[in-house]
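Colleague:
Chains as they are written, first to last, in the working numbering: chain V, 118 to 476; chain U, 118 to 476; chain R, 118 to 476; chain C, 118 to 476.
1) Check whether the segment 321–328 of chain C touches the segment 448–457 of chain C, counting contact only when three or more Cβ pairs, one atom from each stretch, lie closer than 8 Å.
2) Would you identify the three-state DSSP class for residue 227 of chain V, choosing helix, strand or coil?
3) Could you tell me which residues DSSP pairs with residue 487 of chain V in its beta bridges?
4) Quick one: measure Cβ to Cβ for residue 255 of chain R and residue 458 of chain R, integer angstroms, because I've assumed they're closer than 8 Å.
5) Cα separation between residue 336 of chain U and residue 156 of chain R?
6) If you check the beta carbons only, do residue 416 of chain U and residue 358 of chain U fall under 7 Å apart?
7) When the Cβ atoms of the segment 144–155 of chain V are set against those of the segment 185–202 of chain V, are three or more pairs found closer than 8 Å?
8) Kindly indicate if chain V contains any beta-carbon less than 7 Å away from that of residue 142 of chain C.
9) Is the segment 126–137 of chain C close to the segment 267–276 of chain C, with three or more CB pairs under 8 Å?
10) Output, in sequence order along the chain, the residues in the segment 375–389 of chain U whose CB is closer than 8 Å to any CB in chain V.
11) Look up residue 329 of chain R in the DSSP assignment and give the residues it is bridged to.
12) Using the Cα positions of residue 392 of chain R and residue 222 of chain C, report the straight-line distance between them to the nearest angstrom.
13) Please name the residue in C:470, C:376 and C:142 whose C-alpha comes closest to that of residue 186 of chain C.
14) Leaving aside the five residues before and after residue 338 of chain U along the sequence, list all residues of the same chain whose C-beta is less than 7 Å from its C-beta, in chain order.
15) State the DSSP-derived secondary structure class of residue 286 of chain U, mapped to helix, strand or coil.
16) Indicate whether at least one CB of chain R lies closer than 7 Å to the CB of residue 472 of chain V.
17) Does the contact criterion of 3 or more C-beta pairs under 8 Å hold for the segment 242–260 of chain V versus the segment 287–306 of chain V?
18) Please state whether DSSP places residue 457 of chain C in a helix, a strand or coil.
19) When the Cα atoms are used, what is the spatial distance from residue 333 of chain R to residue 349 of chain C?
20) Helix, strand or coil for residue 168 of chain R per DSSP?
21) Mark residue 269 of chain C as exposed unless 16 or more other C-beta atoms lie within 10 angstroms of its C-beta, in which case mark it buried.
22) Could you check what DSSP says for residue 439 of chain C in three-state terms: helix, strand or coil?
23) Quick one: is residue 185 of chain R near chain U, going by C-beta distance under 7 Å?
24) If we count the other Cβ atoms within 10 Å of its Cβ and call it buried at 16 or more, is residue 160 of chain C buried or exposed?
25) Tell me where the alpha helix (DSSP H) around residue 251 of chain R begins and ends.
26) Can you give me, in chain order, the residues of the segment 138–163 of chain U that have a beta carbon less than 8 Å from any beta carbon in chain C?
27) Which same chain residues, not among the five before or five after residue 249 of chain R, have their C-beta less than 8 Å away from its C-beta?
28) Please report the straight-line C-alpha distance between residue 460 of chain V and residue 317 of chain U, rounded to a whole angstrom.
29) Are residue 355 of chain U and residue 342 of chain V closer than 7 Å when you measure CB to CB?
30) If we count Cβ pairs, one from each stretch, closer than 8 Å, do we get three or more for the segment 360–370 of chain R versus the segment 368–375 of chain C?
31) Taking C-beta pairs closer than 7 Å, name the residues in chain R that residue 229 of chain C reaches, listed in chain order.
32) Let me see if you follow: with CB-CB separation under 7 Å, is residue 427 of chain R close to chain U or not?
33) For the segment 287–308 of chain R, list every residue whose C-beta sits within 9 Å of some C-beta in chain V, in sequence order.
34) Using DSSP bridges, identify the partner residues of residue 182 of chain C.
35) If you check the beta carbons only, do residue 437 of chain U and residue 425 of chain U fall under 7 Å apart?
36) If you measure beta-carbon to beta-carbon, which residues of the segment 447–475 of chain U are closer than 7 Å to chain C?
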């Protein structure tokens, strides 16, 4: 269980890291949407390994094949099935992985839960599964874009190097100009240097991704348990290695007094009600208020170090692991398109749900 | 939509702040559980207004009436319906609330979403709704306790006054000994002083609640979208005024290197596999690993100030509000039992889901 | 589990026959609907015991109390909680019911499933639960009526006395003119005579209810698993004592050749596409086609006879039961408003779902 | 929406008749089940076109490819994704199908609902989609078989030729011995003759499939809306061309008196409580009682005649269709494995749900 997300626009994914293929089914895509399939592949390419020196050097082409739900490139309202073939999935030498639990990985918990696990490359717990989410997100954002809703994310912190919290200070057009996906070129350069240094030491490092959504109409979100920020939080925390989520001022609110935190209303030139500040992050009572939505997602450092690591095997005996293969020293750059994809999936679902709010 | 939580143990709530009654239905409570109804009422009393000088002075008796699903105090497997009558709900003078949007409240967003709102005391967006959650949580924790799972939460930060992040430094028996529900008596005293000062200025203040769960078996959580921490995050973010959630080291992971963050495995005296540290917060890959689960929830300051507040009405014209009635200067003390309740609801649901993991 | 129906317009019910109260929560009622509460009570009165000599003489007033979700009689988009108090629920003398399984009742299966049952008056398995469905159906049909969708049902068979299968031969205005709810006065009289005779023998009898919906727009239904007729079938089969469901020609299709069964298209005077016949019952491929929907629901005879009945107790020992109290000799008359209610619940849910079919 | 079935064991299907491939994802398959993949393919072969002279002569090899969820042929608890490639899907000449609505097909309703349809071979509304259900059912029945639950179905009526209603009179080992899947060889021969005659006239014919389940433990089913028979009914009515469902005595109950319909309890030699008769069809109050479950499903005649058929196009103008290609003159033989598959899917889901009924 647990492999589906969404109520109306609903994605179900399948696939293990080294199985035959991964993929998914999207149910609830509205009919009549003209799809740009190249744009879908471009999003997958952003998530793909091997893009630069600071991500894993694995070479996976990750071509999506859409099997249903489109007719002459237009959605028909029927489910969109898609797969991404895994290449070379049988070639691995997994040594003693069957019996060994990598620390801070899901090897132990999957084995405890299911009594069995596909130990090849992390199996289902591998971040490779997120490729299916990126496909669904890329489709969802095409619908959202037509409604004027734009989504972007960027790396806002790597280790101790961080951007200012105010997303409005940064031009999103800078995000794709560097390997770390940070919109400030100078900070990006320092982040990349830090990642390369960490990598050279066989170590890894954590960070933060900031997500921003503009053009969201007021009214999205379903209180009380499906508040918009609760659904966004759940979606972000469901990304591999995510450990925290906050929106608006987030944890900084804890230090605030009400008098300094309140977003006072005002009326703009056209008579539209808006807020003077946006500490709330575009959501009140779980429902979007028409202001920008922004949030931050904390990621832990990758648990696979490129050095000897002491751990135990299934019998509880000490063993030493040395990760073969190529792993990311920092997930942040590749997490950016995944954060965007999950945001799109959540927002489209709520956009559709909101069609049923009134008679 | 959005008024249900859980897949197997599933709570649906209803009720507005000043409607006739609020309540809920629990579907999926297993049969055969002997229920201590006094313990349920005690949890409600912990959430109740009017307990001390630092929470709202409103006087609501909040007696729960269970209408079904129990027979001779034992659960029968049929749904548990319950209500809490609202007292004096017709007495209010709501002045111009019908036309006025309180800043940083849900007045505007509900109106935008539904085209109508019950403006009496916040209607459905009022935290009064959480009383129903506390009832369900109190029932769930009785099942969990029988399985050895214990849940507690406490106020760990008010404004700039904060406890150490390590929950193991504090004895949970101290939590109920003071009005702010902080386990350290000295820090509690300072927190209370701060809240009283803020209150005297007609202002409010934010903070953080820490939640802890002990005795959780390995195996709870349903990857990839219903990871245990994602469900906990969603449940916590669904509490009124919550703005952030992190588990384990949370946002502090962003500054860490993998080599310092990894939880190495070891074998305890009895041969059981455990971890030397617990930076991960008891969850790996979305599944509990048998270690303690701990997390933090950030709350914003209450948006209702006891002073004149400038805002707009539905026509976009400026108006001045002065909140009548009695409001909490700080939600933290009353948020503690709600955090515990939501934790219990989530954990029982996953405990039941996990029964289906293996043949 | 299993106490909810619907995806967007979603009813959850609770309550045992002789518990304190029964009721429900409706989530997903659109905001902005003006509700006629008297009409809701009138539907409940149609289902109520004690209306005539051919239904049970029990006296229950069945007053619904709506607790939330309405403000000034208009729906607000928040959940509608409601209860119906059970009167005199503690007065029963249930004799040896705790240990006895009534044949063809749910006593045995509930005990096998849950290990415990509320044996007072059938507990949760009592048809008393359907009162909550009638409330929800009465609310749903007010929304549907505003869209031009009309629902009616009638008793079309009691024992061997049956109406012609063609619903168009009968004027629905005749349904409420007799105690058995059959639109043909002569047939109704014969049905009533049969029921009275059966009753005088301490026996019971089965029958069929026909349901009809007019004014349904084309497009309702969600293939492939939530086809409109599959959802209607599930809803009807979920009514106590229902044993079969068919729509359009139903089981008579088994004898037909394609050439005689096909509904040929034609164009009506206004250029609208319609069908020359409606053997299909208004649904093609699980989606409404704009023609009338009609279906039949088979009900078994009530299992409680007013005579000595041999059965076994929990130890498997033979015992003799003699049903005390007052029971229906035939469920049909009271099933009619329940069939209508379930139809309304299903149709409103699909009407809302269909809002998301296209961009 | 509507492309998923099941709550815990949950199948989502995708794919159009002439798209690239069809397939599905199964979420909730318990871990640890050894799978016989050949048995899965054998079930698919039973559904396949081209098996005999009385079904369509289309030649599709229908090889299933399982992409995930198995490791060394054992289920891992992760979702099982699978596809069946469509062969020659681009070769069709669909003439004026884009603009033409075949009578008693879903062409018109899909177009009305979605504003677009994939008109190649019926698109999503084609019974070809059921291949994915057969895969899921074949997996489910392997789990059920290990629990002693056996499922079979057979053709019990074609046109006016019908078997006795009592399934116990027929040996299921005879079902696969003839092309029509009727366990009585003589009746089967007459059915086949009838189908061949109908086919020679370019016509089609309806019928009934009977389903039987033995070895079901007491306790499966979730009242009140997810009664076991309601879920079975919905699953059967969701099969293409199904128009009616009844279980136990079904519609014959309408003619019965309670005194003749009741299933009296008795105690068998081993002290187990059982029933003297099984008119109820193995389910009481929506919960299995341990007796055999049996039910009947009515199918309409295939709507595609192999002769000229008058219909209309999207503009409402009369046109004449002549179905090219090869179509089934009677769906019954190929419906048998689909009925079995849907039964297995429903039962496994309820078997898992029932694990949560008691503490």
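Think of the CB as a built atom: it goes at the ideal place given N, C-alpha and C, for glycine as much as any other residue.
Modeller: On the basis of the supplied data:
1) yes
2) Residue 227 of chain V: helix per DSSP, three-state reduction.
3) With chain V covering only 118 through 476, there is no way to say anything about residue 487 of chain V.
4) 7 Å
5) 51 Å
6) Closer than 7 Å, so yes.
7) Three or more beta-carbon pairs drawn from the segment 144–155 of chain V and the segment 185–202 of chain V are found closer than 8 Å, and the two stretches are therefore classed as touching.
8) It does: the Cβ of residue 142 of chain C has a partner Cβ on chain V nearer than 7 Å.
9) no
10) 375, 376, 378, 379, 380, 381, 382, 383, 384, 388 and 389
11) R:269 and R:411
12) Distance between residue 392 of chain R and residue 222 of chain C, taken at the CA atoms: about 12 Å.
13) C:142
14) 344, 345, 400, 403, 404, 405 and 467
15) helix
16) yes
17) no
18) helix
19) 26 Å
20) coil
21) buried
22) strand
23) With 7 Å as the cut-off, residue 185 of chain R counts as an interface residue toward chain U.
24) Burial state of residue 160 of chain C is buried, judged by a 10 Å Cβ sphere holding 16 or more other Cβ atoms.
25) 247–263
26) Against chain C - using a Cβ distance shorter than 8 Å - the residues of the segment 138–163 of chain U are 145, 147, 148, 149 and 150.
27) Excluding positions up to five away in sequence, the list reads 128, 130, 131, 132, 139, 140, 141, 199 and 201.
28) 41 Å
29) yes
30) yes
31) 335 and 336
32) Chain U contact via Cβ: absent.
33) Residues of the segment 287–308 of chain R with a C-beta atom less than 9 Å from some C-beta of chain V do not occur.
34) C:200
35) yes
36) Only those residues of the segment 447–475 of chain U whose C-beta falls short of 7 Å from the nearest C-beta of chain C are listed: 469, 472, 473, 474 and 475.
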